[in-house]
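See structure below.
Residue numbers (my numbering): 67 to 827.
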């Protein structure tokens, strides 16, 4: 294998190289791929030249660090300022970009071919979102408002080469800047503030990384996973000094020289500091790297989905050579969750990564895995995972974990069994306190009823000290304002001071009860206490206006929000759309959806569901099907509620082809609940005598690791017996046997129908 082939196969640095290479090297790489490279930079020599340049940047950066002592204390402004200065020195000497320069380069590269102003600003919003930059001042909404004003004035879409139109837009921007108190001469100061924020965030990551390394070291010693390890005192010292001795720096230099072919990626395996935490080595700032990460996630997920056994999965994962970091594992499990992947295959992947020496899953990975298992009602596996995690590191089991598990238990079992499951966690979580109690109450509010949550609260409150979060949970969701006011009074008696969440919950209850005057009274009280209404406050009021038959006044509320510096979001628009749908004024609802899109806000599944509900009421099959097509074309995947509206409408009208199209889209794109939709689908297919299609959908569901309900299985089985399809019956029976009885889905919510989800611990 040639030198260039080895480099391309072993390194991902080339994939994102344009973020750190000199400009003269960035474009010849593309020319070389097209066999049009300049004579002086061909083949291996060109690649060697590129990597020499990268090596020089590494060495320059290490050389600066060698002379500096960095205190990893993100709470100390002096330490943050010093770290930012060191990073600036490194960038200047190594010829690297600052964060502001990276953002500018990204904008120039991704917007150079965009002709119109609206698409340009939407692209800027996309870039901001990808880079995790917040818009606390609401500048994006102001920008779109300014653009809309200019386009109304010129009576056509604004093009970027329209000098007159752009001058008008700049004048509007000057007004926005003046309103926000932003001056051009202050831009260097803002850039400096940005770099300080970035420096602080990087120091927090460095500190977290070092502390995790210390904890890992301690656990390794406890479990004796390593015969020799770095002492705890050395790990602790690394928290306060990144580079303290010449010996450490020299070791890093030797590592760079030794691993040039892989671009020093062994630094990623450094015990205390990984290269992803050091900005001048970081690839995640380059948009290309996001694509590389997506490729890795796709590759790993495909391996999991296509594995035939645990052993096959292990061999396939090892053969890839991909380093399975916590971040990558989190993303793969997230993909498995939202793609409705096979839960047992996901569990094999989770266990394989967990069994690596010295490795500990993140809390996010644990919670995602438990959610996947709980969704398919594999309670036995859930408790096995929890018991194993408890032995290894019980700190990973958090109140969020408790809520994930209880949520799945409560969905299919009684309140009593949910509470019993709650008490079992007393032996699993590190601290069984009010946060755990709050997780139980939130679960009951979401999966059962507010009355159940109230009763459990009164029964168990003596064992826990209720706090602000407790009452915020208990205040949300009541239909009766009397109940909400009772908890609000109890809250004040206990000396718990309400916050904006508390007041928003009260306002929501009053608005849903058509008590708008009381809601306005709460808003006045908020203002008196210096608590400004937010977008959630206005959204509740908008919903209340719709319930009393004032949809137009609710729409005016969107303008009023802007006047008070609070810009509506998708949820606020959905509330107004809902009002028009209730009033059966669909034209107004359509225009609002178009207005959302014009302001850069994409309608979500909830937006479409508001229309699907109206179409379902009126049995409007044609508009439902057309709207479903629009939804898919817009790239908005339906959720379970969308699918249920559609599948029930298809069954009512005996539209097998439409139902199968919806099912195939679900299987292909991974949206909706197979369990809920399949029950209605199998009813339709059996009613229409479509046994071949029913068998195919049944097997597709099993391949996804989802268990068809016993009712559907029995009905298909009876029809197959009448059709004398004994081989097909045997095949389906064997498939059902795979799932066993531990995940038996109850046909009702009665407790006796729910198998015990909680073993003895």
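We put the CB at the ideal spot given by N, CA and C, even for glycine. Since the model is a prediction, treat every value here as computed from it, not as a measurement.
### Message
Using only CA atoms, which one of 713, 658, 453 lies nearest to residue 646?
### Response
Answer by Cα proximity: 658.
### Query
Would DSSP call residue 375 helix, strand or coil?
Note: residue 375 maps to coil in three-state DSSP.
### Query
Would you call the segment 415 to 427 and the segment 784 to 802 touching, i.e. three or more CB-CB distances under 8 Å?
Verdict: no, contact absent.
### Collapsed DSSP secondary structure at residue 225 in the structure displayed
Secondary structure at residue 225: strand, using DSSP grouped into helix, strand and coil.
### Query
When the Cα atoms are used, what is the spatial distance from residue 177 to residue 468?
Rounded to the nearest angstrom, the two C-alpha atoms are 45 Å apart.
### Query
Can residue 509 and residue 530 be called in contact, C-beta distance under 8 Å?
No, these two residues do not count as a Cβ contact at 8 Å.
### Task
From the DSSP output, read off the bridge partner residues of residue 565.
In the DSSP output, where bridge partners are listed per residue, residue 565 has none listed.
#### Entry: Rounded distance between the beta-carbons of residue 428 and residue 461, thought under 8 Å
Cβ atoms of residue 461 and residue 428 stay farther apart than 8 Å, at about 11 Å.
### Task
State yes or no: is the C-beta of residue 708 within less than 8 Å of the C-beta of residue 745?
Not in contact: residue 708 and residue 745 (Cβ atoms no closer than 8 Å).
### Query
Which residue from 753, 780, 797 puts its Cα closest to that of residue 762?
Taking only the C-alpha atoms, the option nearest residue 762 is 797.
#### Entry: Coil, strand or helix - residue 793 by DSSP
Looking at residue 793 - three-state DSSP - the assignment turns out to be helix.
### Query
Does the Cβ of residue 610 have 16 or more other Cβ atoms within 10 Å, making it buried, or fewer, making it exposed?
A residue is called buried when at least 16 other Cβ atoms come within 10 angstroms of its Cβ; residue 610 meets this threshold and is buried.
### Query
Tell me, which residues are paired with residue 699 by DSSP?
Paired residues: none, contrary to the question.
### Query
Between the Cα of residue 206 and the Cα atoms of 223, 224, 187, 672, which residue gives the shortest distance?
Ranking 223, 224, 187, 672 by Cα distance to residue 206 puts 187 first.
#### Entry: Whether residue 437 touches residue 401 by CB criterion (8 Å)
Not closer than 8 Å, so no.
### Proximity of residue 623 and residue 597 at Cβ, strictly below 8 Å
In this structure, residue 597 does not lie closer than 8 Å to residue 623 by Cβ.
### Query
Quick one: what does DSSP say residue 182 is sitting in, helix, strand or coil?
Strand.
### Close Cβ partners of residue 648 (< 7 Å) along its chain, the five nearest in sequence each way excluded
For residue 648, the CB contacts under 7 Å within the same chain, skipping 5 residues up- and downstream, are 612 in chain order.
#### Entry: residue 772 (DSSP reduced to helix, strand or coil)
Here residue 772 sits in coil by DSSP.
### Nonlocal neighbours in the same chain, by C-beta distance under 7 Å from residue 533, ignoring five residues either side
Hits under 7 Å: 500, 562.
### Message
Check whether the segment 377 to 391 and the segment 714 to 722 are in contact - that is, three or more C-beta pairs closer than 8 Å.
### Response
Short answer: they don't touch.
#### Entry: Within-8 Å CB hit, residue 687 to chain C
Structure shown: chain C not included; a single protein chain is present.
### Message
Let me confirm a value: residue 329 is counted as buried when at least 16 other C-beta atoms fall within 10 Å, else exposed. Which label applies?
### Response
Note that residue 329 scores a pLDDT of 31, beneath 50, so its modelled location is shaky; the value from the coordinates is reported in the next line. The residue in question, residue 329, is buried, as its Cβ has 16 or more Cβ neighbours within 10 Å.
### Message
Helix, strand or coil for residue 497? Go by DSSP, reduced to three states.
### Response
Note: residue 497 maps to coil in three-state DSSP.
### Query
For residue 234 versus residue 216, is the C-beta spacing smaller than 8 Å?
Closer than 8 Å, so yes.
### Query
In the segment 670 to 739, which residue ranges form an unbroken alpha helix (DSSP H) of at least 4 residues, counting only runs that do not cross its ends?
Counting whole runs of 4 or more residues, the segment 670 to 739 contains the alpha helix (DSSP H) stretches 671 to 683, 687 to 699, 706 to 718, 722 to 735.
### Query
Could you give the C-beta distance for residue 484 and residue 475, rounded to a whole number, given that I count them as a contact under 8 Å?
About 5 Å separates the two Cβ atoms, so the contact holds.
### Query
Where do the N-terminal and C-terminal ends of the alpha helix (DSSP H) with residue 538 fall, by residue?
Where residue 538 is concerned, the enclosing alpha helix (DSSP H) stretches over 534 to 541.
### Query
Using a Cβ-Cβ cut-off of 8 Å (strictly less than) and excluding sequence neighbours within five positions of residue 789, which residues of its own chain qualify?
Cβ-Cβ distances below 8 Å link residue 789 to 757 in the same chain, with the five nearest sequence neighbours on each side left out; the list follows chain order.
### Contact set for residue 527: own chain, Cβ-Cβ below 6 Å, skip 5 residues either direction
If we look at residue 527 and ignore the five residues flanking it on each side, it has no Cβ neighbours.
### Query
Out of curiosity, what's the CA-to-CA distance linking residue 150 and residue 668?
Taken atom to atom, the span from the alpha-carbon of residue 150 to that of residue 668 is near 37 Å.
### Query
So what's residue 409 in DSSP terms, helix, strand or just coil?
In the displayed model, residue 409 falls within a helix according to three-state DSSP.
### Task
State buried or exposed for residue 605, treating a residue as buried only when at least 16 other CB atoms are found within 10 Å of its CB.
By the beta-carbon neighbour count (other beta carbons within 10 angstroms, threshold 16), residue 605 is buried.
### Task
Determine, using beta-carbon pairs with one atom in the segment 140 to 158 and one in the segment 262 to 280, whether at least three such pairs fall under 8 Å.
These segments touch.
#### Entry: Cα-Cα separation between residue 477 and residue 518, rounded to whole angstroms
Cα atoms of residue 477 and residue 518: separation of roughly 13 Å, rounded to the nearest angstrom.
### Query
Which value, in whole angstroms, describes the spacing of the CA atoms of residue 274 and residue 213?
Annotation: residue 274 to residue 213 spans about 43 Å, alpha carbon to alpha carbon.
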